[in-house]
Amino acid sequence: MSFVTAAPEMLATAAQNVANIGTSLSAANATAAASTTSVLAAGADEVSQAIARLFSDYATHYQSLNAQAAAFHHSFVQTLNAAGGAYSSAEAANASAQALEQNLLAVINAPAQALFGRPLIGNGANGTAASPNGGDGGILYGNGGNGFSQTTAGVAGGAGGSAGLIGNGGNGGAGGAGAAGGAGGAGGWLLGNGGAGGPGGPTDVPAGTGGAGGAGGDAPLIGWGGNGGPGGFAAFGNGGAGGNGGASGSLFGVGGAGGVGGSSEDVGGTGGAGGAGRGLFLGLGGDGGAGGTSNNNGGDGGAGGTAGGRLFSLGGDGGNGGAGTAIGSNAGDGGAGGDSSALIGYAQGGSGGLGGFGESTGGDGGLGGAGAVLIGTGVGGFGGLGGGSNGTGGAGGAGGTGATLIGLGAGGGGGIGGFAVNVGNGVSGLGGQGGQGAALIGLGAGGAGGAGGATVVGLGGNGGDGGDGGGLFSIGVGGDGGNAGNGAMPANGGNGGNAGVIANGSFAPSFVGFGGNGGNGVNGGTGGSGGILFGANGANGPS
67 MSFVTAAPEM LATAAQNVAN IGTSLSAANA TAAASTTSVL AAGADEVSQA
117 IARLFSDYAT HYQSLNAQAA AFHHSFVQTL NAAGGAYSSA EAANASAQAL
167 EQNLLAVINA PAQALFGRPL IGNGANGTAA SPNGGDGGIL YGNGGNGFSQ
217 TTAGVAGGAG GSAGLIGNGG NGGAGGAGAA GGAGGAGGWL LGNGGAGGPG
267 GPTDVPAGTG GAGGAGGDAP LIGWGGNGGP GGFAAFGNGG AGGNGGASGS
317 LFGVGGAGGV GGSSEDVGGT GGAGGAGRGL FLGLGGDGGA GGTSNNNGGD
367 GGAGGTAGGR LFSLGGDGGN GGAGTAIGSN AGDGGAGGDS SALIGYAQGG
417 SGGLGGFGES TGGDGGLGGA GAVLIGTGVG GFGGLGGGSN GTGGAGGAGG
467 TGATLIGLGA GGGGGIGGFA VNVGNGVSGL GGQGGQGAAL IGLGAGGAGG
517 AGGATVVGLG GNGGDGGDGG GLFSIGVGGD GGNAGNGAMP ANGGNGGNAG
567 VIANGSFAPS FVGFGGNGGN GVNGGTGGSG GILFGANGAN GPS
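Heads up: the sequence shown begins at 67 in this note's numbering, then just goes up one per residue.
Okay, here's the thing in structure tokens:
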């Protein structure tokens with residue numbers, strides 16, 4: 067849709083300029099009329115008289131056309147003046163209506179402001195240096211004000227204001243040097259998102275720590291949780307931790323993501339945890355924040371947010387580990403995936419975060435989150451991949467447990483071990499163990515073990531063991547063992563998972579089930595055991 071913008075004063079000026087042009091043309095035409103409409107013949111002969119009549123007739127026709135043009139010009143000037151007047155009248159009417167609206171709103175808000183310290187309708191004020199926290203939004207409608215971003219070292223950023231019934235929470239302000247960011251404000255009680263946490267303040271003080279990121283605001287009923295603020299940079303010390311994400315609304319929404327850890331010279335900041343997904347029917351946890359990079363030790367990734375929807379639930383993924391960039395540095399581990407639960411339906415744990423790349427040691431992959439449901443399908447999250455390295459690769463994360471009372475319980479697959487670059491005798495990461503799959507009645511399937519990491523020069527990683535799968539009255543299927551990673555030196559394949567589950571520290575075999583196959587390796591993995599009444603053992607992995 068197109069919009070028209072008009073400036074009445076410019077229209078009035080244009081009309082006056084056009085009128086002046088018309089006046090000048092009329093004066094010039096009047097001056098020329100006498101000498102052009104009555105042209106004298108050059109002689110008494112017929113030819114001279116005919117030429118004189120021709121020029122006189124031409125001038126007469128010109129004056130006639132000029133009169134018509136002058137009439138149109140006059141009409142055009144009147145139209146411009148009328149349009150300018152109409153726009154001026156409309157602006158005056160709108161200004162009057164706006165003033166009336168503002169006065170009416172002030173009358174409505176005055177009692178609520180006096181009684182509760184906040185208006186009935188309207189946005190909260192942004193924080194200032196004198197009052198750094200953002201003001202709360204209107205009781206019925208309005209967003210919270212943003213927190214003040216500090217310029218003074220060591221002073222935390224202002225918190226965002228909370229919304230009223232409907233509205234979004236204000237964002238937290240940035241912290242001063244080395245200080246924490248402000249927390250995000252809560253969303254509206256009925257509808258609205260939480261505000262984002264403010265970033266932590268950086269620091270260049272020797273051995274100083276960057277400020278932590280502010281936590282994201284929660285969404286009470288319907289809405290998204292606010293994202294956590296990033297941690298502050300540290301030029302010489304430790305990076306600040308990322309802020310945790312805010313929780314989603316208890317009826318519907320998504321948890322906020324955790325903030326990224328601050329980068330640093332020494333130790334990278336830990337990523338913030340993802341916010342919980344607590345929707346009544348649909349729960350979605352927020353992802354964890356990545357760990358900060360560092361010349362020495364990378365920060366660990368934040369854990370994924372838990373989820374608890376009654377029908378459908380997904381845990382948040384863990385954040386990736388931060389890289390270690392200098393020679394001899396170690397990377398951060400990936401964050402664990404968030405656990406997930408549901409009453410009837412589907413629940414899946416979040417995947418573990420990736421381990422970071424380290425010059426000396428790669429970070430381990432994060433653990434997969436558990437997925438549990440009373441009736442339906444429970445799936446464990448996948449383990450995160452181990453981080454690569456010029457020295458020792460990180461281990462893959464273990465898969466999460468998938469469990470159900472009646473239905474399908476499937477364990478998550480283990481993460482692949484990190485690779486080792488061919489510098490010296492590199493050692494690749496171990497494959498992650500597959501998660502256990504458990505079902506009282508139905509099917510329990512263990513997750514596959516992760517493959518070991520590969521290397522060109524050095525030792526390849528061993529494959530991870532497959533997860534056990536089964537239950538008392540369910541069919542059990544063990545997960546396959548992971549294959550050994552390629553390398554100049556031998557590595558072993560992972561063992562296959564058994565048909566059965568581990569309960570209270572003891573293994574309980576399934577009556578019916580199939581063992582998982584062992585993984586390939588110099589020493590192949592052992593196949594898992596099958597059901598005690600019916601089924602088959604898994605095949606041993608080839609050596």
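Using N, Cα and C, we set each Cβ at its ideal position, and we do this for glycine too.
Simplified DSSP assignment, three categories, for residue i
i	result
residue 173	helix
residue 181	helix
residue 602	strand
residue 336	coil
residue 87	helix
residue 593	coil
residue 194	coil
residue 565	strand
residue 137	helix
residue 609	coil
residue 130	helix
residue 391	coil
residue 470	strand
Residues near residue i by beta carbon distance below 7 Å, same chain, minus five either side
i	result
residue 195	214
residue 405	372, 381, 415, 435 and 436
residue 586	549, 550, 559, 607 and 608
residue 274	244, 300, 302 and 303
residue 359	329, 334, 388, 389 and 391
Closest by C-alpha distance to residue i, when choosing among the options
i	options	result
residue 478	605, 530, 185 and 338	530
residue 441	365, 506 and 294	506
residue 283	443, 579 and 209	209
residue 305	394, 311 and 362	362
residue 140	316, 89 and 295	89
residue 431	323, 508 and 516	516
residue 328	518, 268 and 539	268
residue 337	535, 310 and 314	310
residue 556	203, 528, 476 and 538	528
residue 600	466, 543 and 176	543
residue 503	409, 227 and 563	563
residue 476	487, 178 and 510	510
Alpha carbon of residue i to alpha carbon of residue j, nearest angstrom
i	j	result
residue 254	residue 411	29 Å
residue 192	residue 246	18 Å
residue 185	residue 172	9 Å
residue 220	residue 265	13 Å
residue 549	residue 589	10 Å
residue 180	residue 308	38 Å
residue 500	residue 326	28 Å
residue 572	residue 513	19 Å
residue 188	residue 293	24 Å
residue 335	residue 270	15 Å
residue 445	residue 473	11 Å
residue 347	residue 461	36 Å
residue 581	residue 370	32 Å
residue 384	residue 340	8 Å
residue 498	residue 448	9 Å
residue 391	residue 377	44 Å
residue 669	residue 521	Residue 669 is absent from the model: the chain starts at 67 and stops at 609.
residue 533	residue 206	53 Å
residue 546	residue 400	24 Å
residue 426	residue 459	9 Å
residue 552	residue 322	40 Å
Cβ-heavy atom distance, residue i to the ligand HEM, below 8 Å
i	result
residue 236	Within the structure as shown, the ligand HEM is missing, as the structure has no ligands at all.
Contacts around residue i, its chain only, beta-carbon distance under 6 Å, and the 5 residues preceding and following it disregarded
i	result
residue 349	343, 373, 374, 375 and 379
residue 259	234, 253, 285, 289 and 290
residue 248	213, 223, 224, 225, 238, 239, 264 and 280
residue 422	364, 387, 388, 389, 397, 398, 429 and 453
residue 605	583 and 593
residue 218	242
residue 596	565, 579, 580, 581, 602 and 603
Identity of the residues DSSP links to residue i by a beta bridge
i	result
residue 414	380 and 445
residue 271	According to DSSP, which records beta bridges pairwise, residue 271 is partnered with nothing at all.
residue 536	504
residue 207	187 and 232
residue 521	486
residue 396	363 and 427
residue 573	568
residue 257	232
Same chain, Cβ closer than 8 Å to residue i, five either side skipped, listed in chain order
i	result
residue 598	575, 576 and 577
residue 393	425 and 426
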